[in-house]
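Okay, so here's the structure we're looking at.
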Amino acid sequence: MRKLERPKMLGSMGIENIVLNLVIVIALLPLLSFVLLLFLGRFLPGRSGPVATALVGASFAASLYVLFQVLTRGNVASSMVWHVAGSARFTLGLLVDELTVFMLVVVTSISFVIHLYSIGYMHREKRLSWYFAVLSLFTAAMLSLVIADNYLQLYISWELVGLCSYLLIGFWFEKKSASDAAKKAFIVTRLGDVGLSLGIILIYVSTGSFIFSEVFQQAEGLSMTLVTAITLLLFCGAAGKSAQFPLHVWLPDAMEGPTPVNALVDAATKIGAGVYLVARNFPLFELSAFSTGTVVWIGAISALMAATMAMVMTDIKRVLAYSTVSQVGYMMVALGTGGYFAGIFHLMTHAFSKALLFLGSGSIIHAAHTQDITETGGLYRRMKITAITFILGALSISGLPLFSGFWSSDQILRDVYNYNFIIYVILTFTSILTAFYMFRLVFLTFFGRKGDKAEYAHESPPVMSIPLILLAIPTVLVGLIGSPFLPEAYRFFTLFAPESFGVRQVEANYAVMGGPIAADLAGILLAYLIYQRNLRPQDWLARYLGPYYRVLLHKYYFDEIYLFLIVRPVLRLSDFIGRFDLAVIDRVVNWVGDSGLRFASAIGIFDLGVIDGIVNWVGDTMLDNSSRFRLSQTGYTLNYLLFFFAAVALLVLWIQFA
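Structure, rendered in structure tokens:
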């Protein structure tokens, strides 16, 4: 068994305090934005967006400084006792290690760009201050989640992330589809959160602590069955938040929310939270082969299944939503196979690429006023900035060489090749589908026959197009960190994969790399032949996929299955319980109440007629007798002497004759 290394501490206490204080500030600045806009937003017409963007931008700048300090000087941690109940101690603490600072930079950078983009995209909304307030709170919740050093603190932030996503997905609650989507996201993720809460309870019962480092130190002494149970319960929470099979059904419907919200959910917050949870608990998962195997297979199934559904969707945001489910599946496979670095690296490259694609889709929707990609052909000439940046994002997600997504997905596939060849084949086939549906999206939207909605389309204003350019830069370049072209950067970045975690560093295998590259090119070529050369591409898919096409259109009937097996039975049970409550429980309660009233009425009558009658009779009798005896009190001494001698005479007679 390997022993977990204790976190390295920063060399200088002064720098350590600065880092700790900055980490607190990083999380508090978006929270400050929420408070300001919540209470003062009405007094800041048109300024809510710039205020929120500036504060989140300051968090991003501070995150870069913290990243530099931690990677060059070491980790830092601090905690304080929050509450003591008997022998139980509850703490609040900060854990600032490589994983933490990585997440801080990813979350704040993408959130900053999305806040900036929202200034243009949401400028006509009436509840603009509320939108930016909750968007800032969403960011603050995710930041507080990644800096927590214990499960209790993590869980509080975890639930706050869920609440914010509910509020933002249902921002346009006037639309029934949006309110239904918000409720669906909230309820489905709650199913996973039940597992997470049970896992945290089991951790505390088993170890007597909520603190990550203490739990990891004691984990090797726990039984394999207990560790497996804990990790599977934790993975339930991760699968729910990250929309993995079979809890993936909420994410496509969540596209009813504003597009910038979808970008933040899919790229940097809610979806990333599940991956972060597995990565943070990597020392626990690696102790259970069954749990890691479960993570791998769930990830592989999610990746393949979501990719097949993305092939037939015509809603641009739903295509990207299923793409997110698929790509997160890659991350889960990487973590399950021990590829800690590969999983985290792919989380980063995917975050920038997917944020770019979602904001690009928002630009398309803003210009063409439709989400249907069959209505938007020929947009390239009218929206060149959007088109070029969108294509760059598609190339990265597809895993084409030299783009960020290539280096991270290549690392995953090399890890998987050495783990399980079947999983490698599944992910390689998924790569074909990924390239196919991404360039199906590109060709139908920007090229080919001009759609009905494209005639009056125009490029988005600078406040929306500049964020696309900003995201395109890391989409192309950030992957070089994990490439052989920058070996020093690669070595530096692998600090995210501590040796104590037992992470394998896999050497380049060009035969293994060649398969996915060929698969990607094949997928792009197939999309080109169908959607550029075929005049009726939708008929082609329906014709060649046959009955499977309808299955994909209905999303494998998951919604119908859940409706039949869970929703309707629960509604029927609720209706039965309601009727039983009305017919039986309420009747019993009402009978008890009525009986009480009748008994009280009888007691009242008895009290009035008997008890009060006796009391009144005694009182009246005493009053009458006292009135008579009062007559003897004349106030004359002669009368009193007469009564005295009469009494003496009677006493003498009584003694004489007695």
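Note that the sequence shown covers residues 634 to 1291 in our numbering.
No residue lacks a Cβ here, since even glycine has one placed at the ideal position from N, Cα and C.
GLY1032 and SER1064 closer than 8 Å at C-beta
Sequence index remark: in the sequence shown, residue 1032 carries index 399 (1-based). Sequence index remark: in the sequence shown, residue 1064 carries index 431 (1-based). The answer is yes: Cβ separation under 8 Å.
Alpha helix (DSSP H) containing PHE985: first to last residue?
Mapped onto the sequence shown, residue 985 falls at position 352. It spans 973-1001 - the alpha helix (DSSP H) in which PHE985 sits, taken as one unbroken run.
On the CB-based measure, 16 or more other CB atoms within 10 Å of its CB, does LYS1188 come out buried or exposed?
As a first step, residue 1188 must be located in the sequence shown, where it is residue number 555. Buried, because 16 or more other Cβ atoms sit within 10 Å of the Cβ of LYS1188.
So does the region 930-937 actually touch the region 964-973, counting three or more Cβ pairs closer than 8 Å?
yes
For GLU807, count neighbouring C-beta atoms within 10 Å of its own C-beta (all shown protein chains included) and say buried if the count is 16 or more, exposed if not.
On the sequence shown, position 174 is the one that residue 807 refers to. When all chains shown are included, GLU807 counts as exposed.
Excluding five sequence neighbours on each side, which residues of the same chain lie with their C-beta closer than 6 Å to the C-beta of HIS983?
By 1-based counting over the sequence shown, the position of residue 983 is 350. Cβ within range, chain order: GLN960.
DSSP on LEU727, reduced to helix/strand/coil?
Reading the sequence shown from its first residue, position 94 is the one you call residue 727. LEU727 falls in the strand class under three-state DSSP.
Are the beta-carbon atoms of ALA896 and ILE747 separated by less than 8 Å?
Taking the first residue of the sequence shown as position 1, residue 896 is located at position 263. Taking the first residue of the sequence shown as position 1, residue 747 is located at position 114. Yes, Cβ-Cβ distance for ALA896 and ILE747 is below 8 Å.
Beta-carbon proximity of LEU989 to LEU1101, cut-off 8 Å
Start at 1 with the first residue of the sequence shown, and residue 989 comes out as number 356. Start at 1 with the first residue of the sequence shown, and residue 1101 comes out as number 468. Contact flag set, yes.
Just verifying my parser: in three-state terms, what is the DSSP assignment at SER712?
Within the sequence shown, residue 712 is the residue found at index 79, counting from 1. The answer is strand: DSSP assigns SER712 an E or B state.
Nonlocal neighbours in the same chain, by C-beta distance under 7 Å from LEU867, ignoring five residues either side
As a position in the sequence shown, residue 867 is number 234, starting the count at 1. The answer, listed in chain order, is LEU829, GLY832, LEU910 and ASN914.
What do you get for ARG1205, buried or exposed, if any count of 16 or more other CB atoms within 10 angstroms of its CB means buried?
Position 572 of the sequence shown, counted from the start, is the residue given in the question as residue 1205. Answer is exposed; the Cβ neighbour count stays below 16.
Alpha helix (DSSP H) runs wholly inside the region 1014-1040, at least 4 long, in chain order:
1017-1031
Please state whether DSSP places ASP1005 in a helix, a strand or coil.
Stepping through the sequence shown from its first residue, residue 1005 is reached at position 372. ASP1005: strand per DSSP, three-state reduction.
Hey, which unbroken runs of the alpha helix (DSSP H) at 4 residues or more fall wholly within the region 856-942?
857-874, 883-886, 892-900, 903-913 and 915-918
Go to GLU853, then tell me how far its alpha helix (DSSP H) extends in each direction, as first and last residue.
Indexing the sequence shown from 1 puts residue 853 at position 220. Neither: GLU853 is in no alpha helix (DSSP H) and is coded neither H nor E.
Between the region 721-734 and the region 787-807, can you find at least three pairs of beta-carbon atoms closer than 8 Å?
no
Using C-beta distances below 7 Å, list every residue in its chain close to TYR799, excluding the 5 sequence neighbours before and after it, in chain order.
To locate residue 799, count along the sequence shown from 1; it is residue 166. Correct list, in chain order: ALA815, ALA818 and PHE819.
Three-pair Cβ contact test at 8 Å for the region 994-1005 versus the region 1059-1073
no
If distances are taken between C-alpha atoms only, which option among THR686, GLY1010 and GLY976 comes closest to LEU1046?
Reading the sequence shown from its first residue, position 413 is the one you call residue 1046. Of THR686, GLY1010 and GLY976, the residue nearest in Cα terms is GLY976.
For TYR1181, does the count of other Cβ atoms within 10 angstroms reach 16, so buried, or fall short, so exposed?
The residue labelled residue 1181 in the question sits at position 548 within the sequence shown. Exposed is the call here.
Report the partner residues of ASN1272 according to the DSSP bridge assignment.
For the purposes of this step, residue 1272 is taken as residue 639 along the sequence shown, with counting starting at 1. Paired residue(s): none; ASN1272 is not in a bridge.
Are the region 664-674 and the region 762-771 in contact at 8 Å, needing three or more beta carbon pairs?
Cβ pair count under 8 Å is three or more, so yes.
Contacts around ALA660, its chain only, beta-carbon distance under 7 Å, and the 5 residues preceding and following it disregarded
One-based indexing of the sequence shown puts residue 660 at position 27. These residues qualify, in order along the chain: ALA773, LEU776, SER777 and ILE780.
Could you check how far apart the C-beta atoms of SER744 and VAL689 are, in whole angstroms? I think they sit under 8 Å.
In the sequence shown, counting from the first residue as 1, residue 744 sits at position 111. In the sequence shown, counting from the first residue as 1, residue 689 sits at position 56. Between VAL689 and SER744 the Cβ distance is about 5 Å, and since that is below 8 Å, they are a contact.
Thinking C-beta only, is SER1029 closer than 8 Å to SER986?
Counted from its first residue, the sequence shown places residue 986 at position 353. Counted from its first residue, the sequence shown places residue 1029 at position 396. Contact: yes.
Shortest alpha-carbon distance to ARG1166 belongs to which of GLY1081, LEU653 and LEU728?
Taking the first residue of the sequence shown as 1, we reach residue 1166 at position 533. Closest by alpha carbon: GLY1081.
Below 8 Å between beta carbons: does that hold for GLY1112 and PHE1039?
Mapped onto the sequence shown, residue 1112 falls at position 479. Mapped onto the sequence shown, residue 1039 falls at position 406. Yes, the Cβ-Cβ distance between GLY1112 and PHE1039 is below 8 Å.
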